[in-house]
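Sequential numbering of the sequence shown, starting at 1, is according to full-length UniProt numbering. C-beta atoms are modelled at their ideal positions from N, C-alpha and C, and glycine is treated no differently. Just so it is clear, the structure is predicted and the values come from calculations on it, not from any experiment. What follows is a set of notes on a single structure, which appears directly below.
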Amino acid sequence: MTNKVVNPCSEPNTSSSRFYTSIKSNKTSKTVKVLLTGAAGAVGISIAQHLAEQVNLFSYTHEQLDITHADSVFTVIDKLKPDIIINAAGYTAVDNAQVDEAQARLVNCNGAKNLALAAERIDAILIHLSTDYVFSGESDSAYTEQDLPHPINVYGHSKLAGELAIQQHCAKHIIIRTAWVFAEHGHNFVKTIVELIKTHPVLTIVDDQIGGPTYAGDIAKVIGTVVDRITHTDFSADNYGVYHYCGMPYVSWKGFADSIILAAKQAELIAVSPKVNGTVSENYPRPAKRPKNSRLDCGKIQQIFNVSLSDWQTALTFVVGSNNKDLEPK
Ligand SMILES: NC(=O)C1=CN([C@@H]2O[C@H](COP(=O)(O)OP(=O)(O)OC[C@H]3O[C@@H](n4cnc5c(N)ncnc54)[C@H](OP(=O)(O)O)[C@@H]3O)[C@@H](O)[C@H]2O)C=CC1
Ligand SMILES: Cc1cn([C@H]2C[C@H](O)[C@@H](COP(=O)(O)OP(=O)(O)O[C@H]3O[C@@H](C)C(=O)[C@@H](O)[C@H]3O)O2)c(=O)[nH]c1=O
Numbered sequence: 001m002t003n004k005v006v007n008p009c010s011e012p013n014t015s016s017s018r019f020y021t022s023i024k025s026n027k028t029s030k031t032v033k034v035l036l037t038g039a040a041g042a043v044g045i046s047i048a049q050h051l052a053e054q055v056n057l058f059s060y061t062h063e064q065l066d067i068t069h070a071d072s073v074f075t076v077i078d079k080l081k082p083d084i085i086i087n088a089a090g091y092t093a094v095d096n097a098q099v100d101e102a103q104a105r106l107v108n109c110n111g112a113k114n115l116a117l118a119a120e121r122i123d124a125i126l127i128h129l130s131t132d133y134v135f136s137g138e139s140d141s142a143y144t145e146q147d148l149p150h151p152i153n154v155y156g157h158s159k160l161a162g163e164l165a166i167q168q169h170c171a172k173h174i175i176i177r178t179a180w181v182f183a184e185h186g187h188n189f190v191k192t193i194v195e196l197i198k199t200h201p202v203l204t205i206v207d208d209q210i211g212g213p214t215y216a217g218d219i220a221k222v223i224g225t226v227v228d229r230i231t232h233t234d235f236s237a238d239n240y241g242v243y244h245y246c247g248m249p250y251v252s253w254k255g256f257a258d259s260i261i262l263a264a265k266q267a268e269l270i271a272v273s274p275k276v277n278g279t280v281s282e283n284y285p286r287p288a289k290r291p292k293n294s295r296l297d298c299g300k301i302q303q304i305f306n307v308s309l310s311d312w313q314t315a316l317t318f319v320v321g322s323n324n325k326d327l328e329p330k
């Protein structure tokens with residue numbers, strides 16, 4: 001166990017010493033008990049849909065379990081005794097976090113820490129979601145799990161603090177850093193653009209932030225694979241830790257918007273495509289700075305879990321073109 005006693009929720013820290021224990025399980029998938037938090041969020045919905053058939057799933061929405069309430073977290077987890085806890089709960093309003101730091105930290109760090117402590121107490125595995133925004137974006141290459149995080153906004157700091165709390169308090173953890181999530185449900189960039197193009201003939205979108213848009217359904221599939229691997233094989237304890245998973249190919253937000261508009265046109269959600277002007281981040285000021293390089297290197301998760309990366313172009317066609325009622329013109 002790490003020797004340093006720090007409280008990551010109040011003090012940003014980049015220490016990464018970890019201690020892993022091994023698990024071996026002979027359970028068949030349906031007898032694996034999984035507790036999911038944040039079940040009504042964009043990723044939570046996809047995980048719940050995907051895992052419902054695979055495991056014995058207990059889903060909790062924010063209303064049903066607030067992860068910042070330590071007592072409730074301990075009561076529910078001690079009673080249910082899940083084999084695996086998946087934390088899809090999070091404070092994700094990147095700009096709001098700048099003025100709501102205490103709440104962002106409470107959810108993204110203290111909430112994560114409560115789950116970590118509760119998981120450790122019953123020897124459960126904690127699967128947690130984190131973000132590309134833990135990085136500064138100053139690197140010239142795609143970020144690997146070895147690269148030192150250095151957040152440039154409050155949301156990123158709160159997510160990094162959550163990662164550290166988990167590493168400190170729960171030996172059996174899998175932290176999956178993902179990026180630029182979109183889905184047929186929830187709020188996301190795809191929906192924002194589809195809404196904007198109904199009323200705006202010209203859009204201005206930043207062209208100097210590059211990342212990998214990730215379909216929530218693919219994150220859910222990967223988590224399904226991780227659950228399967230850690231419960232059904234002799235999963236090496238060395239494989240607990242941090243993983244990167246995002247969509248390919250890398251693209252700028254402007255490039256992503258161009259593809260969204262093309263998909264919307266093909267799905268006949270719009271008759272005429274708007275003009276899209278690319279710009280630099282400095283010309284599109286927002287309360288929170290975003291990393292310019294959000295590219296995650298996903299080699300490790302491919303190698304250890306043998307998963308394919310999210311093909312965002314295929315997923316986008318599905319999301320925009322699936323006669324989704326939310327996306328149809330009003
Ligand atoms: N969206 C993205 O682009 C990315 C997301 N991630 C991470 O993935 C995870 C899921 O994000 P995503 O599904 O997109 O986000 P959403 O905002 O769609 O969902 C988050 C869910 O967490 C719930 N929640 C908030 N506070 C609490 C709390 N105290 N206790 C329990 N539940 C709570 C929210 O409920 P309510 O709405 O009622 O507050 C919401 O249902 C987060 O950890 C996020 O940081 C990582 C990279 C990219
Ligand atoms: C709507 C809009 C956005 N933008 C820019 C602003 C910003 O730099 C970028 C994306 O904007 P959004 O606010 O939709 O995305 P943002 O909230 O920054 O998305 C992030 O959410 C959190 C939760 C994560 O973890 C990240 O991986 C990432 O997905 O696009 C424009 O340039 N023009 C526009 O019209």
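Q: Spatial neighbours of Glu101 within its chain, please: CB distance less than 7 angstroms, with the 5 preceding and 5 following residues excluded, ordered by chain position.
A: Position 101 of the sequence shown holds residue 101. Excluding sequence neighbours, Glu101 sits near Val154.
Q.
Could you compute how far the alpha carbon of Asp132 sits from the alpha carbon of Gly255?
A. In the sequence shown, residue 132 corresponds to position 132, counting from 1. In the sequence shown, residue 255 corresponds to position 255, counting from 1. Approximately 18 angstroms, taken between the alpha carbons.
Q. How close, in whole Å, do the beta carbons of Leu296 and Ala142 come, if the pair is a contact with beta carbons under 8 angstroms?
A. Taking the sequence shown and counting its residues from 1, the one referred to as residue 296 is at position 296. Taking the sequence shown and counting its residues from 1, the one referred to as residue 142 is at position 142. Yes, they are in contact, since the Cβ atoms of Leu296 and Ala142 sit about 6 angstroms apart, within 8 angstroms.
Q | Cβ-based neighbour list, Ala263, same chain, cut-off 7 angstroms, excluding 5 preceding and 5 following | A | Numbered from its first residue, the sequence shown carries residue 263 at position 263. Correct list, in chain order: Leu316, Thr317, Val320 and Gly321.
Q: Check whether the Cβ of His185 lies closer than 6 angstroms to any heavy atom of ligand 1, and answer yes or no.
A: Here residue 185 refers to the residue found at position 185 when the sequence shown is read from its first residue. It does not: the Cβ of His185 is nowhere closer than 6 angstroms to a heavy atom of ligand 1.
Q: Within the stretch 82-127, note down every full beta strand (DSSP E) run reaching 3 residues or more, in order along the chain.
A: 84-87
Q | Neighbourhood of Thr78 by C-beta distance below 8 angstroms, restricted to the same chain and skipping five residues each side | A | Along the sequence shown, one-based indexing puts residue 78 at 78. The sequence shown places Asp at residue 78, not Thr. Within the same chain, Asp78 has close Cβ partners Ala118, Arg121 and Ile122.
Q) What residue does the alpha helix (DSSP H) around Val154 start on, and which one ends it? A) If you number the sequence shown from 1, residue 154 lands on position 154. Val154 to His169 is the extent of the alpha helix (DSSP H) around Val154.
Q) By how many angstroms is the C-alpha of Asn188 removed from the C-alpha of His200? A) Translated into positions along the sequence shown, residue 200 becomes position 200. Translated into positions along the sequence shown, residue 188 becomes position 188. Distance between the alpha carbons of His200 and Asn188: 18 angstroms.
Q.
At the level of alpha carbons, what is the spacing between Ser273 and Val251?
A. Here residue 273 refers to the residue found at position 273 when the sequence shown is read from its first residue. Here residue 251 refers to the residue found at position 251 when the sequence shown is read from its first residue. Distance between the alpha carbons of Ser273 and Val251 is about 20 angstroms.
Q: Would you please state the rounded distance, in angstroms, between the beta carbons of Tyr215 and Gly186? I believe it to be under 8 angstroms.
A: Here residue 215 refers to the residue found at position 215 of the sequence shown. Here residue 186 refers to the residue found at position 186 of the sequence shown. About 12 angstroms; that fails the 8 angstroms criterion.
Q. Looking at Val94 and ligand 1, is the gap between the Cβ and the nearest heavy atom below 6 angstroms?
A. Taking the first residue of the sequence shown as 1, we reach residue 94 at position 94. Not so, every heavy atom of ligand 1 lies at least 6 angstroms from the Cβ.
Q: Within its chain, find whatever has a CB closer than 7 angstroms to the CB of Ala165; leave out the 5 residues flanking it on each side and keep chain order.
A: Taking the first residue of the sequence shown as position 1, residue 165 is located at position 165. Excluding sequence neighbours, Ala165 sits near Pro8, Cys9, Cys109, Ala112, Lys113 and Ala116.
Q) Who are the near neighbours of Val32 in its chain, counting only those whose CB is closer than 6 angstroms to its CB and skipping five residues on each side? A) Position 32 of the sequence shown, counted from the first residue, corresponds to residue 32. Taken in chain order, the residues that qualify are Val55, Asp83 and Thr231.
Q | Closest by C-alpha distance to Val242, when choosing among Ala40, Leu80, Lys159 and Trp253 | A | The residue given as residue 242 occupies position 242 in the sequence shown. Nearest C-alpha to Val242: Lys159.
(Q) To the nearest angstrom, how far is the alpha carbon of Thr21 from that of Leu36? (A) Working through the sequence shown from its first residue, we reach residue 21 at position 21. Working through the sequence shown from its first residue, we reach residue 36 at position 36. Because the pLDDT of Thr21 is 31, which lies under 50, any placement of that residue in the model is unreliable, and the question is left without a value.
Q: Give the DSSP bridge partners of Ile176, in chain order.
A: Your numbering for residue 176 matches position 176 in the sequence shown. Ile176 pairs with Leu129 and Tyr243.
Q) Can you tell me the Cα-Cα spacing of Ala39 and Ala89, whole angstroms? A) By 1-based counting over the sequence shown, the position of residue 39 is 39. By 1-based counting over the sequence shown, the position of residue 89 is 89. So the alpha carbons of these two residues sit roughly 7 angstroms apart.
Q: Give the DSSP-derived three-state secondary structure of Gly255 in the structure shown.
A: Start at 1 with the first residue of the sequence shown, and residue 255 comes out as number 255. Looking at Gly255 - three-state DSSP - the assignment turns out to be helix.
Q: Leaving aside the five residues before and after Phe74 along the sequence, list all residues of the same chain whose C-beta is less than 7 angstroms from its C-beta, in chain order.
A: In the sequence shown, the residue the question calls residue 74 occupies position 74. Excluding sequence neighbours, Phe74 sits near Ala118.
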